Structure formats: C-alpha cells, structure tokens
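In mature numbering (1 follows the signal peptide of the UniProt record, and there is no 0), the protein residues as written are -19 to -1, 1 to 353.
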Amino acid sequence: MRRIFLIPFLANLAYQATALEPYTGLPPILPPRFPFGFGKDITGGGRPNKTNTYLVENMLDLRTVLSMTGPRTVYVKGEIFGNQVNETYSADCQWYIENSNVKQFNFTLYVQSLNATYVAEVKVAAAANEIIDGRNATELAALLPRMNGWRGTAQNSQKGYETINVKGNLTLIGWDRDAYLRGVGLIFNVQSNVIIRNLRMSSPRDCFPAPETYPGSWNARYDAVSAVTTTGMWLDGNIFEDGPSFVSPDPFLNGWLVDRYDGLFDVEDGSDNITFSHNIVANHHKSLLWGGGEKEGPRDIGKMHFTVFGNHFQNSMSRNPLMRFGTFYIINNLFENYNNKKPIFTKRSSIRQYFPSNRHISERYQPYFYFQ
C-alpha cells in the first residue's frame, strides 16, 4: 500500500509522488551468481529486509525509491516508461517544449538556423518584407538566432522527466523477463556500491539532439545507465538495447538522418571497479563508452578498472566497448553481427590488459533470443 501526496515539480506541474511502503513478500528467483572481478566487493543494498525492500511498477514510484539515500533493494515489475508524467499522462516532444520556458522553440527551425544559406535567404526576405516558408520573414529572422540557445532549455525539460539521479548503496533487480525500463536514463553521479540485475533497458529517445556531421552524425544526450565518478558497480544478466530490432535514424529535412540515441552504459571521470557480466548488448549504434575523452585522462589514469565477462554483443554497431585510460579484462564474450563483419579491436594507448578469449560470429540471419 502507498500514501499519495502532491508536490510541485518540474515545469510547475503538480507531480504525483508516492510514499512507498516496503515490500515484504518473497523475492524473485535469479541465477545464483555473485559479484566477481573488479566488482567483487560490491554489496549493493545489502541483505533485503522488511524495511529496505521495495517493489515498483511505474516511473513515479521508481523515481521516488531510486532517489532515496541509504541501502535498499528495489524490484522492478513490468514495463516502466520514462516519459510517464503522472498516473494518467505520458509526454511527447511537443509537451516538453510547452512545459518549458521556451514555448516558441521548434526543432526544425533549430536545424535550419544552423544553415548559413537558409539564414541569409530569410534575411533577404525580411528586408523585402516578404513571406518565406509560409511565415513572416521578419518574425522568422528574429526567431532563428534564438533557437540554438533554446534547444538546451527544451532538452533540460525532457531530461527532468526521463532521467533519474540515482543514489548508491542500491540493488536494482527486474522481477522477471517482463521487467523493462523503456526510455529511462539512470544517472549515477559520485555514487558507489551499485548492483543492477535481470533488467531490460533502453535509453531515452532524445527529442532535441544536436547535429554534428552531415547527414547522420548527431550528439544525443541520454544513456540507459550513466556512471560519473562512481565506484563499485556490478551489472549482471541485463539486456541493453534499442528494442527487438535496430532503431534506424529518423529521415529529416535536406537529407539529414536524425540519430536520437546515445549510449547504453557510459562511464567516465575516474569511475572504478566495475564488473559487466552475462549481459546482452543488442541492436544499438553507440553501446558502451568507457572513458569520456582524451582530456579526461588525468582523472581516469589509475582508475577505470573493468571486468567484462560472458556478454553477448548482438548487432551492436560500435563501442563494444570503446575504452580509454583504464585496465580492462575482456573475457569469454560472444560478438555476433548480422552484416558479416567482425567488430574490430585495437590495443590503443592506455589499454593495459586484453584477453583474446572472445568468440566472433557473423551471420546474415540469426534468431533473436534472450538469456539470463
């Protein structure tokens, strides 16, 4: 049973929060595995008991319990959608704009504002007091320079709903094979001691990504799991994916192909002691980024220890994983690709440990399956 109360939350919306009652029933049945490798000392939420164990079935309750401090065990039951605003409404991209401080933002105009030729045409039309693309050119010329700054505000509106700043000392477990965090971004920022098991996860679909290189390189914002300066994580028996098939970029104006997804599990800024085991990584473009960039080397060197064991990389196009400035044991993984092309691995600058006991297979047609 739970008690309901209202608090003001994001975008002046009355967000329905919940005071959860602890779960006192039987736990789900999981494979009898324990932390090992660099994550061997992780305890997560500790031993579940009648005061620190919760079962959640919606985004509101998930946010409440993951934001708690102190050791806790959380069971996820069923499918939870990241865009769930309250118990009756799920947001879309336009809703995030309308519930921000930049209600005039328009994603199409934002992309057009980056096109110098188009901006010049609008200025000429404005000087002639003409109409362009069905709009008053003078008004459009005033709007275009503001789109780039407004994009971040609109994006923050989405971020406030579809991501959760998660506290550590946590065990997060999917109840059964139907447990799915769809479009939920879990952010661990300066946290420690985290276990995530038996969950299916996909990253939020970014409504407002930034283009980088024409036609299909975009900088989307959200990961399914993000770890920043976080120590001690064990991710085991999960499914990280876009969905049952690869999600193609969205066709857009002038030949642009909008890629709205970022990483599945990204780690940076001196995080350490992480074991990634028995997971499926499937149908995604940029899967695992471990080490944010060359400039972060001083913060990462001496940390960033990873054990990567027994995972199945299936039709994962890149970052399987991409590794910088750390020690990585990559052992007994299966790499499967539909396009008859093996993943390519190189021993670059700071990869100190690499075990070639991994299996690569490439077949044009493979059945899609899960494992725990």
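Note that beta-carbon positions come from the ideal geometry of N, C-alpha and C, so glycine has one too. Computed from a prediction, not measured in an experiment: that's the story for all the values here.
Worksheet item: Do you know how far the Cα of N179 is from the Cα of R158?
Response: As a working note, residue 158 is residue 177 in the sequence shown. As a working note, residue 179 is residue 198 in the sequence shown. Taking the straight line joining both Cα atoms gives about 7 Å.
Worksheet entry | Beta-carbon proximity list for residue 357, same chain, < 6 Å, skipping 5 on both sides | Residue coverage of the chain in this structure runs from -19 to 353, which leaves residue 357 outside it and unanswerable.
Worksheet item: DSSP three-state call for V262: helix, strand or coil?
Response: One-based indexing of the sequence shown puts residue 262 at position 281. In this structure, V262 counts as strand in the three-state DSSP scheme.
Item to complete: Might you give, ordered along the chain, the residues of its own chain that have their beta carbon closer than 6 Å to the beta carbon of A118, omitting 5 neighbours on each side?
Response: Looking up residue 118 in the sequence shown gives position 137. Excluding positions up to five away in sequence, the list reads V103, A106, A107, E111.
Worksheet item: By how many angstroms is the C-alpha of R202 removed from the C-alpha of K84?
Response: Looking up residue 84 in the sequence shown gives position 103. Looking up residue 202 in the sequence shown gives position 221. Spanning the two alpha carbons is a distance of roughly 21 Å.
Discussion item. Please state whether the Cβ-Cβ distance between G59 and A160 is less than 8 Å.
Written reply: Counted from its first residue, the sequence shown places residue 59 at position 78. Counted from its first residue, the sequence shown places residue 160 at position 179. Yes, the Cβ-Cβ distance between G59 and A160 is below 8 Å.
Practice prompt. State the DSSP-derived secondary structure class of F19, mapped to helix, strand or coil.
Written response: What you label residue 19 is simply residue 38 of the sequence shown in a count that begins at 1. Residue state, collapsed to three classes: helix.
Worksheet entry | Minimum C-alpha distance to Y99 - residue among E249, N254, E317, L234 | On the sequence shown, position 118 is the one that residue 99 refers to. It is L234 whose Cα lies nearest to the Cα of Y99.
Discussion item. Considering Cα atoms alone, identify which of A97, Y142, N146 is closest to A122.
Written reply: On the sequence shown, residue 122 is found 141 positions in, with the first residue counted as 1. Checked all of A97, Y142, N146; the closest Cα to A122 is A97.
Fill in: Own chain residues within Cβ distance below 8 Å of N314, not counting five before or after
Residue mapping note: residue 314 aligns to position 333 of the sequence shown, counting from 1. Excluding positions up to five away in sequence, the list reads V289, F290, G291, N292, H293, F294, N339, R340.
Worksheet entry | Alpha carbon of L303 to alpha carbon of K284, nearest angstrom | In the sequence shown, counting from the first residue as 1, residue 303 sits at position 322. In the sequence shown, counting from the first residue as 1, residue 284 sits at position 303. Roughly 16 Å separates the two Cα atoms.
Discussion item. Which residue wins for smallest C-alpha separation from S138, given the options E79, F169, G115?
Written reply: For this step, residue 138 is matched to residue 157 along the sequence shown. When each option's Cα is compared against that of S138, the closest is E79.
Worksheet entry | Start and end residues, beta strand (DSSP E) containing V147 | For this step, residue 147 is matched to residue 166 along the sequence shown. Where V147 is concerned, there is no enclosing beta strand (DSSP E), given that its DSSP letter is neither H nor E.
Discussion item. Tell me the rounded alpha-carbon separation between G63 and I177.
Written reply: Within the sequence shown, numbered from 1, the residue matching residue 63 stands at position 82. Within the sequence shown, numbered from 1, the residue matching residue 177 stands at position 196. The straight-line gap from Cα to Cα measures roughly 18 Å.
Item to complete: Would you be able to state if there are at least three C-beta pairs under 8 Å between the stretch 38 to 54 and the stretch 146 to 158?
Response: yes
Worksheet entry | In chain order, each beta strand (DSSP E) run of at least 3 residues that lies wholly inside the stretch 136 to 218 | 144 to 146, 151 to 155, 161 to 163, 166 to 170, 173 to 178, 181 to 183, 191 to 194, 198 to 200, 206 to 209, 212 to 217
Worksheet item: Rounded to a whole number of angstroms, what is the C-alpha to C-alpha distance between Y142 and E120?
Response: If you number the sequence shown from 1, residue 142 lands on position 161. If you number the sequence shown from 1, residue 120 lands on position 139. Each residue's Cα considered, the two are about 32 Å apart.
Fill in: M304 (DSSP reduced to helix, strand or coil)
Counting from one through the sequence shown, the residue named residue 304 turns up at place 323. It is a strand residue.
Item to complete: Kindly list the residues whose CB is nearer than 7 Å to the CB of T24, restricted to its own chain and excluding five residues on each side of it in sequence; keep chain order.
Response: Residue numbering aside, residue 24 sits at position 43 when the sequence shown is read from its first letter. So the qualifying residues of the chain are N174.
Discussion item. Could you check whether the Cβ of K284 sits closer than 7 Å to any heavy atom belonging to the ligand HEM?
Written reply: The model depicted lacks the ligand HEM and carries no ligand whatsoever.
Discussion item. Just to confirm, is the Cβ distance from L270 to D250 under 8 Å?
Written reply: Translated into the one-based positions of the sequence shown, residue 270 becomes position 289. Translated into the one-based positions of the sequence shown, residue 250 becomes position 269. Their beta carbons are not under 8 Å apart, which means L270 does not touch D250 by this criterion.
Item to complete: Note down the Cα distance separating T34 from G155, rounded to an integer number of angstroms.
Response: As a position in the sequence shown, residue 34 is number 53, starting the count at 1. As a position in the sequence shown, residue 155 is number 174, starting the count at 1. Roughly 13 Å between the two C-alpha positions.
Item to complete: Just grab the DSSP bridge partners of L36 for me.
Response: Translated into positions along the sequence shown, residue 36 becomes position 55. According to DSSP, L36 bridges with Y56.
Discussion item. Once DSSP output is grouped into helix, strand and coil, what is the label at T256?
Written reply: The residue labelled residue 256 in the question sits at position 275 within the sequence shown. It is a strand residue.
Item to complete: From the DSSP output, read off the bridge partner residues of T119.
Response: Reading the sequence shown from its first residue, position 138 is the one you call residue 119. T119 pairs with nothing; no bridge assigned.
Worksheet item: Taking C-alpha atoms, which residue in R305, N260, G274, G272 lies nearest to residue 385?
Response: With the chain represented from -19 up to 353, any question about residue 385 goes unanswered, as that position is not in the structure.
Worksheet item: N67 to L43, Cα distance in whole Å?
Response: What you label residue 67 is simply residue 86 of the sequence shown in a count that begins at 1. What you label residue 43 is simply residue 62 of the sequence shown in a count that begins at 1. Straight-line Cα distance between these residues: approximately 12 Å.
Discussion item. I'd like the span of the beta strand (DSSP E) that includes I78, first residue to last.
Written reply: The residue you call residue 78 lines up with position 97 of the sequence shown. No beta strand (DSSP E) contains I78, which is instead part of the alpha helix (DSSP H) from 74 to 79.
Worksheet item: Exposed or buried, which one is S198 when buried takes at least 16 other CB atoms within 10 Å?
Response: Start at 1 with the first residue of the sequence shown, and residue 198 comes out as number 217. Exposed.
Fill in: 8 Å contact criterion, which L245 and S184 should meet: CB distance rounded
Within the sequence shown, the letter at position 264 stands for residue 245. Within the sequence shown, the letter at position 203 stands for residue 184. Right, their Cβ atoms sit about 6 Å apart.
Fill in: G272, buried or exposed, once every other Cβ within 10 Å from all chains shown has been counted against 16
Translated into positions along the sequence shown, residue 272 becomes position 291. Buried, by the Cβ-count rule.
Worksheet item: What is the DSSP secondary structure of L11, counted as helix, strand or coil?
Response: Numbered from its first residue, the sequence shown carries residue 11 at position 30. Three-state DSSP puts L11 in coil, outside helix and strand.
Fill in: Cutoff 7 Å; reference I332; Cβ partners in own chain excluding five residues on either side
Taking the first residue of the sequence shown as position 1, residue 332 is located at position 351. The predicted position of I332 is uncertain, since its pLDDT is 46 and thus under 50; no value can be drawn from it.
Worksheet item: Buried or exposed: which applies to K328, given that a residue is buried once 16 or more other Cβ atoms fall within 10 Å of its Cβ?
Response: Walking along the sequence shown from the start, residue 328 turns up at place 347. Note that K328 has pLDDT 47, beneath the 50 cutoff, so the model's placement of it is unreliable and the number below is only indicative. That one is exposed.
Practice prompt. Kindly list the residues whose CB is nearer than 6 Å to the CB of I168, restricted to its own chain and excluding five residues on each side of it in sequence; keep chain order.
Written response: Taking the sequence shown and counting its residues from 1, the one referred to as residue 168 is at position 187. Result list for I168: T144, N146, S207, in chain order.
Discussion item. Taking the alpha carbon of S252 as the reference point, which residue from G20, Q75, P9, A205 has its own alpha carbon closest?
Written reply: Translated into positions along the sequence shown, residue 252 becomes position 271. Checking every option, the nearest Cα to that of S252 belongs to G20.
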